[in-house]
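A.B. asks: Below you'll find the structure I mean.
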Amino acid sequence: MTATLEQPSLKRRSKSAQMRKYGFFPGCVAKESCKELFTSTMLLAERLGIELVELTAASCCGASVLNDTNRDVARVLNARTYAQAEALGLDDVITICSTCTGHMRAANKELLESETHMGQANAILGKFGAKYNGGVMVRHLLWLLIDDIGLDALKAMVVKPLNGLKVAPFYGCHIIRPESVNGWESSRNPHSLEDVITALGGEAIDYAGKTRCCGFHIQLEKEGTAANMVGQNMRMAKDRGAEAVLTPCPLCHLALDGYQADSAARWGRTDLPTFHLPQLVALALGVDPSLLGLNKHINSPGMLLQSRNLAPAHVA
Amino acid sequence: MPFTLDIYRYDQGVDEVPHRDRVEVDMPTNQTVLDALEWAKSEKDGSITFRRSCRSAICGSCAMNINGTTGLACKTPVDTVLRSDNSVAVDPMPNFQPMKDLVVHMDPFWDKYTRLKPYLQPRDNDSDNERERRVSPEDMKKLVAVANCVMCATCYALCPVVSVDPAFAGPAAISYAFRFIEDVRDSKRKERAAQISEDYLWLCAHCYACSYCPKHVDPQDDIIAVKRATIEEGMLDEPGPRHALVVAKTIKKTGMLHETEVIQGTVGRFNIKGLIKVAPFGLRLAMAGKMPPMFLKPVPKVDEIKLIFDTLEAPVQA
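These protein sequences, in sequence, are chains A and Z.
Counting in the working numbering, the final residue of the first sequence is number 533, and the numbers go up one at a time with none missing.
Counting in the working numbering, the final residue of the second sequence is number 578, and the numbers go up one at a time with none missing.
Pasting the structure below:
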């Protein structure tokens, strides 16, 4: 541990939280195939009265794949991103993807815990006049909702309660595991998504699949394996009575929404509509549903939302 | 305070379906789940069957499912897992065929291990060496964590890929591949990398379920290192390494992971059959109005990103 570095503790109230102004790292998927996640995040931020300052020159976090080719490159790329946040006077980098969260936190941990790693990163960053001082904390929007907004305040902001909508939480591995990197809540028994679902007036479905893997990272490795992982998890959720799924990760969203059609042959039809975290929160907080990209889902949530008087079917 | 063990009971030669027995255990809850099972067997029902030997997390025999998650019974105090109804459920490890009660058929797990030829294969003969083969502490350091593996199969039981595709080697076998690939005395780096690739090394889903290793081996890091070794050994003609290298290529070029190019680069641009197979997924995305962009504008200051790749000599797809 380097003595000169400021070690951001998990529960410390960040400067960003006090200013209600955060560094924002949307990640690649929210800018490419899941643009509705980006849009709904910005609309939710507006409703919450917080400012998300997008780090537009940031690179990909490494997506858990870059480590397979070189052990240093993802860490240094992330140091560059943190340096950009520091230069803007922001000490919080907010993510909207479980994989970004886990891998950016892992890189930050390595940088903060090793002078060698920090030295290596800053030697390269120095070539273009940048420097990372170790003052950034990486957090997911989910944690911001609970730590900085608060569940009671969130509940008080609800104008369109979910009317008992039965929602299965799906965490996405990298926001909970490994605990040595994330550690914000128990990885075996997390309940932050359940807490948010309940605060919004929904009913959280408990099932074993909620902390399991969606298979996204191996969708192209071998035919059928990822789809089977999706089917296995969605079957469990459906059997417990879930009507929809809520995930803080766009990679999980792509897999869960995209592969239920393929998994039906082995696991039976599940057809569960899957929401991005900010979509469902924004909906309950009264954001116009037609702006949330609810029509960009393969398993349409239209009929379900209409049945609970949450949105007219045609906007989804 | 007494508590209840809720035990999975099954005998492959006798029972068509498993059933459960609830056994009242009269012992303090600061004892381990294994202590409770031993008490139940000696005081209540001698037919309760489970594997155990050392009782101190060294032999790796007593891995089982405890309240739905796998771990060593000898390392799990009852009071850390006691459910609200004052009971603990014990089940055989998932991803294995049950044999009797908590005992499972371990053969698939051992098979994947033995396929690796898990013994040192040095370049020279023993007779060529006057003394033992020396290894520097530095070289030995990276093998210390995996040396702690007791082959309890907890990681294999927790692996979601194994649960749907038993062809996958599983975390422990890949850690053992790492153990020999990274051993400076071993001469079969390439052969071992080829063997573990054949056993679907690249099917690891990066889920970190194996981070619950009771001996803190953390196979995930070993898996990543073995993947790098296969790339270094030039085994590039598979979806896995193609995927890793094309992801690196697009990040270096644009700063972003460019989804469209990654899919083409992983499947193979000229692999028409492969592209047709992924087409339904792409079509579904397109119909939902979420087609990723064909071309991607590089992020501002992308030259800085290129410089990082070049300085670190990070490989990318050609």
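For glycine and all other residues, C-beta sits at the position ideal for the given N, C-alpha and C.
Whether or not the segment 399–406 of chain A and the segment 370–377 of chain A are in contact is what I'm after, with contact meaning three or more pairs of Cβ atoms, one per stretch, closer than 8 angstroms; do they touch?
C.D. replies: They do not touch, by the three-pair rule.
A.B. asks: Looking at chain A, is there any beta carbon in it that lies within less than 7 angstroms of the beta carbon of residue 418/Z?
C.D. replies: It does not: the Cβ of residue 418/Z has no partner Cβ on chain A nearer than 7 angstroms.
A.B. asks: Reducing DSSP to helix, strand and coil, say where residue 309/Z ends up.
C.D. replies: Coil, per DSSP.
A.B. asks: In whole angstroms, what is the alpha-carbon distance linking residue 531/A and residue 513/A?
C.D. replies: When rounded, the distance between both Cα atoms is 12 angstroms.
A.B. asks: Ordered along the chain, which non-local residues of its own chain (more than five positions away) have a Cβ less than 8 angstroms from that of residue 311/Z?
C.D. replies: The answer, listed in chain order, is 321, 322, 362 and 363.
A.B. asks: Have a look at residue 463/Z and residue 379/Z and give me their C-alpha separation to the nearest angstrom.
C.D. replies: Near 24 angstroms, if we compare the C-alpha coordinates of residue 379/Z and residue 463/Z.
A.B. asks: As a quick exercise: from 548/Z, 541/Z, 267/Z and 315/Z, pick the residue whose alpha carbon is nearest that of residue 412/Z.
C.D. replies: The shortest C-alpha separation from residue 412/Z is found at 315/Z.
A.B. asks: In the segment 442–470 of chain A, which residues sit with their C-beta less than 7 angstroms from some C-beta in chain Z, listed in chain order?
C.D. replies: Flagged, chain order: 442, 445, 446 and 449.
A.B. asks: Can you check the segment 494–558 of chain Z for any alpha helix (DSSP H) of at least 4 residues that lies completely inside it and give the ranges in chain order?
C.D. replies: Entirely contained in the segment 494–558 of chain Z, the alpha helix (DSSP H) runs reaching 4 residues are, in chain order, 499–514, 519–527 and 532–547.
A.B. asks: Is residue 467/Z close to chain A? Criterion is C-beta to C-beta, closer than 7 angstroms.
C.D. replies: Yes, its Cβ sits closer than 7 angstroms to a Cβ of chain A.
A.B. asks: One question on the structure: do residue 405/Z and residue 477/Z come within less than 7 angstroms of each other, judged by their Cβ atoms?
C.D. replies: Result yes, Cβ atoms of residue 405/Z and residue 477/Z sit closer than 7 angstroms.
A.B. asks: Counting only C-beta atoms, is residue 338/Z closer than 7 angstroms to chain A at any point?
C.D. replies: No, residue 338/Z does not count as interfacial toward chain A.
A.B. asks: So with CB distances below 9 angstroms, who are the chain A contacts of residue 526/Z?
C.D. replies: The answer, in chain order, is 437 and 438.
A.B. asks: Less than 7 angstroms separating the beta-carbons of residue 552/Z and residue 514/Z?
C.D. replies: No; because the gap between Cβ atoms is not below 7 angstroms, this pair is not in contact.
A.B. asks: For residue 280/A, go through chain Z and note every residue whose CB falls closer than 8 angstroms to its CB, in chain order.
C.D. replies: Within 8 angstroms Cβ-Cβ: 507 and 517.
A.B. asks: By the 10 Å Cβ neighbour count, where 16 or more other Cβ atoms means buried, how is residue 512/Z classified, buried or exposed?
C.D. replies: Classification for residue 512/Z: buried.
A.B. asks: Answer with buried or exposed for residue 309/A, where buried requires no fewer than 16 other C-beta atoms within 10 angstroms of its C-beta.
C.D. replies: Result: buried.
A.B. asks: Rounded to whole angstroms, what's the CA-CA distance from residue 273/Z to residue 486/Z? Just pull it up for me.
C.D. replies: Near 41 angstroms, if we compare the C-alpha coordinates of residue 486/Z and residue 273/Z.
A.B. asks: Give me the chain Z residues within the contact set of residue 405/A, using Cβ-Cβ distance strictly less than 9 angstroms, ordered along the chain.
C.D. replies: Here the neighbours are 329 and 472.
A.B. asks: Beta strand (DSSP E) containing residue 354/A: first to last residue?
C.D. replies: 354–357 is the span of the beta strand (DSSP E), which, as asked, contains residue 354/A.
A.B. asks: Apart from the five residues on each side of it in sequence, which residues of its chain come closer than 7 angstroms, Cβ to Cβ, to residue 227/A?
C.D. replies: No answer about residue 227/A holds up, because its pLDDT of 47 lies below 50 and its placement is not dependable.
A.B. asks: Taking 6 angstroms as the limit between beta carbons, can you name the residues of its chain near residue 237/A, skipping five residues before and five after?
C.D. replies: These residues qualify, in order along the chain: 267.
A.B. asks: Round the Cβ separation of residue 330/Z and residue 293/Z to the nearest angstrom and send it over; I've been treating them as touching at under 8 angstroms.
C.D. replies: Between residue 293/Z and residue 330/Z the Cβ distance is about 12 angstroms, and since that is not below 8 angstroms, they are no contact.
A.B. asks: Taking only the alpha-carbon atoms, compute the straight-line gap between residue 434/A and residue 283/A and give it to the nearest angstrom.
C.D. replies: Going from the Cα of residue 434/A to the Cα of residue 283/A covers about 12 angstroms.
A.B. asks: If you draw a straight line from the C-alpha of residue 501/Z to the C-alpha of residue 575/Z, how long is it?
C.D. replies: Near 11 angstroms, if we compare the C-alpha coordinates of residue 575/Z and residue 501/Z.
A.B. asks: Check whether chain Z comes within 7 angstroms of residue 286/A, counting only Cβ atoms and requiring the distance to be less than that.
C.D. replies: Closer than 7 angstroms: yes.
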